Amino acid sequence: MDDWLIAIIKVVCIWVWVLLIAVVMTWVERRGAGLIQDRPGPNRAGPWGLFQPLADGIKLFTKEEIIPTKARKILYILGPLLFSLPAFSAYAVVPFGDKIILGGKEIILQVSDVNIGFLFILAIGSMGVYGVILGGWGSTNKYSILGGLRSTAQMVSYEVPLGLALLAIVFVYGTFSLRDISLAQQGTFLGFLPNWGIFKQPLGFILFIVAAYAEANRVPFDLPEAESEIVSGYHTEYGSMRLGLYLFGEYVNLVTISGVIVALYFGSWHMPYIDLGAYLGPISWGIVSFCIFFLKVSFFLWMFVWVRWTLPRFRYDQVMGLGWRGLIPLALFNIFITALFIQLTV
Amino acid sequence: MDLYFWVFASMSVLAGLFTIAARDALPSAMGLLTVFIALASLYLHLHAPLLAIFQVAIYAGAILILIVFVMMLLMAPGERLSAIQANVSYRGSGALLGLCLIGLVAVGTKGVSNIVSMKGVPEGFGNPSMFGDLFFRDFLLHFEVVSVLLLVALIGGIYLCKKKL
């Protein structure tokens, strides 16, 4: 009974937390755009425009729901749902802190520590593309179909380097569990470098982050919704909260990807060089580890915004060329080097 | 009676029927997706989470997306499948392949009735490391033979794609 209660509390808390970050991210995105382009950005609703997401939410909820006459109704309605459901459930295996000991009971700060870990994220993440496909096809609009088509090609191409980069991480840590990988990143190696994934897999990290940007349809890989070419791609025909689910699901995806990056490559909840867990009590360490993890995640969330307003979009053939001719050979090379290194040292 | 099994087994059978009966290409693909996910749920129920994840990540996440990609390239929305479905030679070869598959399943299930009681699941069953042991120690030869087969298929694919054969 206790375990069930704890599990439910964890699920609800982390869900609300992720949604909250996603909401704030919509504000950060536009204020960040303003900052980078040397203009104020939304600054009317509330202090620094902080209530802007609220105003947007009210707008999206109260708008009239329109289904285009020629759209396939079932596919059209299913699209946003199939896109946002995987996004909302993928965070389940990502940790958000070390552990808290409450009343002698050890609670790990992770919804579920399954031994297949990030394979779950890979599988769930690849489901999101069906939402894009259904939306694009169901709208019966040529721009939407082009968007869906691009999305499928991009997803298939970039899943390979993503998986291969993750495979190299498995070589290094010998486990799929994100919690075990996080725990293994404590301390230092070679005497001075923190035991973080980025120092053990620098090439793997670059491959992972590039492929992850492509999987999340973020600039410079936002071909499925390239507004200068195909209006806004797969969600051209969407309005009201259905559009909101697409946009919102994207931000939830960003939170998950940032969490995975931090857990795999940036030492999760560990500070470099200092083991704070040894100095703090069990409860305060739980809170501090959550804060450290969240600070790192916020940096990567900001990086998504930063990159979006700095880089131009790739051309379509460049995206495919980079994926197949650049990333995949590099990822195979990375795996080869990692395997060779492990073979020689262990 | 195992309710979990019956729910997902009937779901996969119904979705499979929908896949071959649907008049539109994309809903048919969605039926196939449902089959994959129902099968993955059955694997989970059989204490094989890794297999379930592979089922979703590889079949639903890569192969079916490729199929949908080809579909979206070649078909216009609103185009029906009836012309393909009415083709007698397709139907005949489909029936032949289906019969072969049923025959294979029949051969595979031979001896199932001899199983009297369920053995307990061994320690660590379905773990990634256990898979690794099976692939790279117990069944290394089979694994390598399959990988050569895949390589041959890959080379064949590249050969067929060349403009001048």
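Line by line, the protein sequences give chains A and B.
My numbering applies: residue 181 is where the first sequence begins, and numbers increase by one.
My numbering applies: residue -16 is where the second sequence begins, and numbers increase by one.
Note that CB positions come from ideal geometry on N, CA and C, so glycine has one too.
Treat the numbers as computed from the prediction; the structure is a model and nothing was measured.
- One thing to note: Leu387/A has its Cβ within 8 Å of the Cβ of Leu510/A.
- When the five nearest sequence neighbours on each side are left out, the beta carbons in the same chain lying within less than 7 Å of the beta carbon of Leu22/B are those of Ser(-5), Gln38, in order along the chain.
- Residue pairing by DSSP puts Phe369/A in a beta bridge opposite Leu373/A.
- Assignment of Ile296/A by DSSP, reduced to helix, strand and coil, places it in the coil class.
- With the rule of 3 Cβ pairs closer than 8 Å, the region 479 to 499 of chain A counts as touching the region 392 to 405 of chain A.
- For Val39/B, a Cβ of chain A is located within less than 8 Å of the residue's own Cβ.
- With its beta carbon at least 8 Å from every one in chain B, Ile463/A lies outside the interface.
- Annotated as proximal: Ser438/A and Val477/A, with beta-carbon spacing under 8 Å.
- For the C-beta of Glu339/A, the chain B residues within less than 8 Å are, from N- to C-terminus, Gly44, Ala45.
- Exposed is the label assigned to Tyr(-13)/B, since fewer than 16 other Cβ atoms lie within 10 Å of its Cβ.
- Burial is judged here by how many other beta carbons sit within 10 angstroms of a residue's own beta carbon; Trp465/A has at least 16 and is buried.
- For Ser469/A, same chain residues with a beta-carbon under 6 Å away, outside a window of 5 residues either side, are Gly277, Asp278, Trp449 in chain order.
- Between Val(-10)/B and Ser24/B, the alpha-carbon positions lie close to 10 Å from each other.
- Annotation for Lys279/A: the continuous beta strand (DSSP E) segment containing it runs 279 to 282.
- The Cβ-Cβ distance between Ser331/A and Tyr256/A does not fall below 8 Å.
- For Leu33/B, the nearest beta carbon of chain A is closer than 8 Å to its own beta carbon.
- Residue pairing by DSSP puts Glu286/A in a beta bridge opposite Ile281/A.
- Exclusion of the five residues before and after Gly229/A leaves Pro222, Asn223 as the residues of its chain whose Cβ lies within less than 6 Å of its Cβ.
- Taking Val208/A as the centre and dropping the five residues before and after it, the same chain places the C-beta of Leu481, Trp482, Val485 closer than 8 Å to its C-beta, in chain order.
- Excluding five sequence positions before and after Met307/A, the CB atoms of its chain that fall closer than 6 Å to its own CB belong to Pro266, given in chain order.
- Under a criterion of Cβ atoms nearer than 7 Å, the residues of chain B adjacent to Tyr310/A are, in order, Leu16.
- Within chain A, the residues placing a beta-carbon under 7 Å from that of Ile48/B are Val309, Thr332, Met335, Val336, ordered along the chain.
- Contacts between Asn433/A and chain B, judged by CB atoms closer than 8 Å, are missing: the closest CB pair is about 15 Å apart.
- Relative to Val18/B, the option among Ser72/B, Leu143/B, Ile3/B, Gly77/B whose CA is nearest is Ile3/B.
- Proximity of Met113/B to chain A, defined by a Cβ-Cβ separation below 8 Å, is not satisfied.
- Non-local C-beta neighbours of Phe108/B in its own chain, meaning closer than 6 Å and more than five positions away in sequence, comprise His30, ordered along the chain.
- In terms of CA proximity to Leu299/A, Val350/A leads the group Phe268/A, Val350/A, Ile216/A, Leu507/A.
- Contacts with chain B at 8 Å (Cβ-Cβ) do not include Gly229/A.
- Annotation note: the region 439 to 494 of chain A contains no uninterrupted beta strand (DSSP E) run of length 3 or greater.
- Rounded to the nearest angstrom, the Cβ distance from Leu329/A to Met55/B is 5 Å, consistent with a contact under 8 Å.
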